[in-house]
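I have placed the structure first, in the form of structure tokens, so that the comments after it can refer back to it.
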Amino acid sequence: MSELDVTISAETARDAQAIERLHERTFGPGRFVLSAYRLREHVDHLLDLSFTARIGTLLVGSVRQLPICIGDTPALMLGPLTVEPPFRSRGVGRLLLDRSLQDAKARGHRLVILVGDEPYYSRVGFKAVPKGRATMPGPVDYSRLLVVELVEGAFEGVSGDIRPDWSKAR
Numbered sequence: 106m107s108e109l110d111v112t113i114s115a116e117t118a119r120d121a122q123a124i125e126r127l128h129e130r131t132f133g134p135g136r137f138v139l140s141a142y143r144l145r146e147h148v149d150h151l152l153d154l155s156f157t158a159r160i161g162t163l164l165v166g167s168v169r170q171l172p173i174c175i176g177d178t179p180a181l182m183l184g185p186l187t188v189e190p191p192f193r194s195r196g197v198g199r200l201l202l203d204r205s206l207q208d209a210k211a212r213g214h215r216l217v218i219l220v221g222d223e224p225y226y227s228r229v230g231f232k233a234v235p236k237g238r239a240t241m242p243g244p245v246d247y248s249r250l251l252v253v254e255l256v257e258g259a260f261e262g263v264s265g266d267i268r269p270d271w272s273k274a275r
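So our numbering is basically just the index in the sequence shown, starting at one, shifted up by 105.
Printed below as a string of structure tokens:
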């Protein structure tokens, strides 16, 4: 990262349009049919646990977290995590990921799930959710459903449908 001077900041409402354009460029229109997006339709992401990466004033990355439940257990869903293509493989995503997990733990959250590539996310402790332990709305590749415990043992005995945390729904 020595060649990049990256600033990680909490997302603000003013960032919404630039982040949406970033998602459009990096994920395309097909993103709206994904199971994770179905959850995002019903509950807003948490601004204090969602972050941007900037080089100067240029937005080069973003990560969001939203409140969900797995069965009756509160958790967070991380994503999307995205970085502008020219800045990938340069540590920007890892900075965003580390900050989002550190702040979630500091605020008392115990579990974070996501749908993503295990080789990438396992570097910060994510593991595959055991088959049948949690179900997503709509189609999902369950081999990509991952969880990290921010508190040791927090996923023990947790199972059920993954749904928006209705207490925080719009």
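Ideal Cβ placement from N, Cα and C applies to all residues, glycine included.
Check: Considering only residues of the same chain and omitting the five flanking positions on each side of Glu254, which have a CB-CB separation below 8 Å?
Finding: Counting from 1 along the sequence shown, the entry for residue 254 is found at position 149. Taken in chain order, the residues that qualify are Arg215, Leu216, Gly230, Phe260.
Checklist line | Beta-carbon gap between Leu200 and Gln170 smaller than 7 Å | finding: For the purposes of this step, residue 200 is taken as the residue at position 95 of the sequence shown. For the purposes of this step, residue 170 is taken as the residue at position 65 of the sequence shown. Contact flag unset, no.
Check: With burial defined as no fewer than 16 other Cβ atoms inside 10 Å of the residue's Cβ, what is the status of Ser167: buried or exposed?
Finding: Along the sequence shown, one-based indexing puts residue 167 at 62. Classification for Ser167: buried.
Next item on the list: Less than 8 Å between the CB atoms is what I'm expecting for Ile218 and Met182, so what's the real figure, rounded?
Entry: What you label residue 218 is simply residue 113 of the sequence shown in a count that begins at 1. What you label residue 182 is simply residue 77 of the sequence shown in a count that begins at 1. Indeed they touch by this definition, with Cβ atoms about 6 Å apart.
Next item on the list: State buried or exposed for Ala209, treating a residue as buried only when at least 16 other CB atoms are found within 10 Å of its CB.
Entry: Taking the first residue of the sequence shown as 1, we reach residue 209 at position 104. Result: buried.
Next item on the list: Have a look at Thr157 and Arg193 and give me their C-alpha separation to the nearest angstrom.
Entry: By 1-based counting over the sequence shown, the position of residue 157 is 52. By 1-based counting over the sequence shown, the position of residue 193 is 88. Distance between the alpha carbons of Thr157 and Arg193 is about 14 Å.
Notebook entry, point to check: Hey, Asp222 and Ile160 are a contact pair by Cβ (cut 8 Å); roughly how many whole angstroms apart?
Noted result: Position 117 of the sequence shown, counted from the start, is the residue given in the question as residue 222. Position 55 of the sequence shown, counted from the start, is the residue given in the question as residue 160. Incorrect: roughly 24 Å between the Cβ atoms, too far for contact.
Check: Within this structure, are the beta carbons of Ser273 and Pro185 separated by less than 7 Å?
Finding: For the purposes of this step, residue 273 is taken as the residue at position 168 of the sequence shown. For the purposes of this step, residue 185 is taken as the residue at position 80 of the sequence shown. Here residue 273 is Lys; the residue named in the question, Ser, does not match the sequence. Taking 7 Å as the Cβ cut-off, Lys273 and Pro185 do not qualify as a contacting pair.
Note to self: Output needed for Arg238: all residues of its chain with C-beta closer than 6 Å, excluding positions within five of it in sequence on either side, in chain order.
What the structure shows: Reading the sequence shown from its first residue, position 133 is the one you call residue 238. Apart from sequence neighbours up to five positions away, the residues of its chain that approach Arg238 with a beta-carbon distance below 6 Å are Ser264, ordered along the chain.
Item checked: For Pro177, three-class secondary structure by DSSP -> Along the sequence shown, one-based indexing puts residue 177 at 72. Position check: residue 177 holds Asp in this sequence, whereas Pro was assumed. Here Asp177 sits in coil by DSSP.
Item checked: Check whether Val165 and Val197 have beta carbons under 7 Å apart -> For the purposes of this step, residue 165 is taken as the residue at position 60 of the sequence shown. For the purposes of this step, residue 197 is taken as the residue at position 92 of the sequence shown. Yes; because the gap between Cβ atoms is below 7 Å, this pair is in contact.
Notebook entry, point to check: Where does the unbroken alpha helix (DSSP H) through Val197 begin, and where does it stop?
Noted result: Here residue 197 corresponds to residue number 92 of the sequence shown, with the count starting at 1. Counting along the chain, the alpha helix (DSSP H) containing Val197 begins and ends at 197-211.
Checklist line | For Ser155, the three-state DSSP class (helix, strand or coil) | finding: Walking along the sequence shown from the start, residue 155 turns up at place 50. Residue state, collapsed to three classes: coil.
Check: Quick one: Cα of Asp120 to Cα of Ile113, how far?
Finding: As a first step, residue 120 must be located in the sequence shown, where it is residue number 15. As a first step, residue 113 must be located in the sequence shown, where it is residue number 8. Distance between Asp120 and Ile113, taken at the CA atoms: about 13 Å.
Check: For Leu127 versus Thr187, is the C-beta distance shorter than 7 Å?
Finding: Start at 1 with the first residue of the sequence shown, and residue 127 comes out as number 22. Start at 1 with the first residue of the sequence shown, and residue 187 comes out as number 82. Closer than 7 Å, so yes.
Notebook entry, point to check: What are the partner residues of Glu254, as DSSP defines its beta bridges?
Noted result: Within the sequence shown, residue 254 is the residue found at index 149, counting from 1. Answer by DSSP bridge pairing, in chain order: Leu216.
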